[in-house]
Amino acid sequence: MDDDNKLEHLIQIEEEEEEEELATEFNPHNGKSVTMIVTSPRMEYIATWSEEDKSIVGWKIVDNEQQLKHEYIISQNNNNYDEKLGLNMDENFTYKHFTVSDNKFVTVPIYEEKKKIGIFDFKTKNQLTLNLPGPEFDVGCLAFIESGEFIM
Numbered sequence: 001m002d003d004d005n006k007l008e009h010l011i012q013i014e015e016e017e018e019e020e021e022l023a024t025e026f027n028p029h030n031g032k033s034v035t036m037i038v039t040s041p042r043m044e045y046i047a048t049w050s051e052e053d054k055s056i057v058g059w060k061i062v063d064n065e066q067q068l069k070h071e072y073i074i075s076q077n078n079n080n081y082d083e084k085l086g087l088n089m090d091e092n093f094t095y096k097h098f099t100v101s102d103n104k105f106v107t108v109p110i111y112e113e114k115k116k117i118g119i120f121d122f123k124t125k126n127q128l129t130l131n132l133p134g135p136e137f138d139v140g141c142l143a144f145i146e147s148g149e150f151i152m
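The sequence shown lines up with residues 1 to 152 when you count with this note's numbering.
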């Protein structure tokens with residue numbers, strides 16, 4: 001694709017006056033580059049993944065004003081990660097297992113003895129584990145649809 005046909009769209013991070021100090025201190029993914037970005041079905045929520053930092057940041061789209069406000073972080077390097085998920089992110093984390101819903105659920109590939117998918121609720125900070133039928137079961141893609149249902 002040549003430069004004339006590229007589409008670039010920038011979204012600013014919201015900085016409210018009373019949260020200005022907090023907003024300037026926030027450093028998503030500890031300054032590491034974002035590897036993947038997923039959006040919810042109705043574009044109400046965005047999640048970003050950093051392979052370098054092994055973290056996920058949840059972002060709320062503010063009033064359709066093309067601004068983002070960070071809300072939550074899941075990080076393998078953060079003490080809260082073990083408290084909340086209690087499991088490790090899969091070393092082969094791929095885009096097909098990373099999705100986010102409008103009601104702030106995010107899927108995270110995890111592993112223990114078998115293939116599993118972690119579903120983290122950013123609102124309640126609770127985690128569910130989806131056990132796949134067996135190690136030979138290959139999930140082609142995960143997604144949340146507009147009704148809020150989760151599909152494989």
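By construction, the Cβ of each residue, glycine as well, lies at the ideal position given by its N, Cα and C atoms.
Item, Value
"Sheet register partners of residue 75 (DSSP bridge)", "55"
"Strand pairing of residue 50, partner residues [DSSP]", "55"
"Nearest residue (CA-CA) to residue 124, options 63, 73, 151 and 133", "73"
"Own chain residues within Cβ distance below 6 angstroms of residue 143, not counting five before or after", "99 and 151"
"Local Cβ density within 10 Å of residue 33, reported as buried at 16 or more and exposed below that", "exposed"
"Supposed close pair residue 155, residue 45 - CB separation, criterion 8 angstroms", "The first residue shown for the chain is 1 and the last is 152, placing residue 155 beyond what the model contains."
"Nonlocal neighbours in the same chain, by C-beta distance under 6 angstroms from residue 47, ignoring five residues either side", "38, 56, 58, 100 and 106"
"Beta-bridge partners of residue 108, as assigned by DSSP", "118"
"Any non-hydrogen atom of the ligand NAD within 7 angstroms of residue 28 CB", "The ligand NAD is not part of the structure shown, which contains no ligands of any sort."
"Extent of the continuous beta strand (DSSP E) to which residue 199 belongs", "In this structure the chain extends from 1 to 152, so residue 199 is not present and cannot be described."
"Beta-carbon contacts of residue 51 that lie in its chain and below 6 angstroms, excluding the five residues immediately before and after", "35"
"For residue 129 and residue 28, the rounded distance between their alpha carbons", "26 angstroms"
"Residue 69 - DSSP class collapsed to helix/strand/coil", "strand"
"Unbroken beta strand (DSSP E) run spanning residue 145, endpoints", "From DSSP, residue 145 is part of no beta strand (DSSP E); its letter is neither H nor E."
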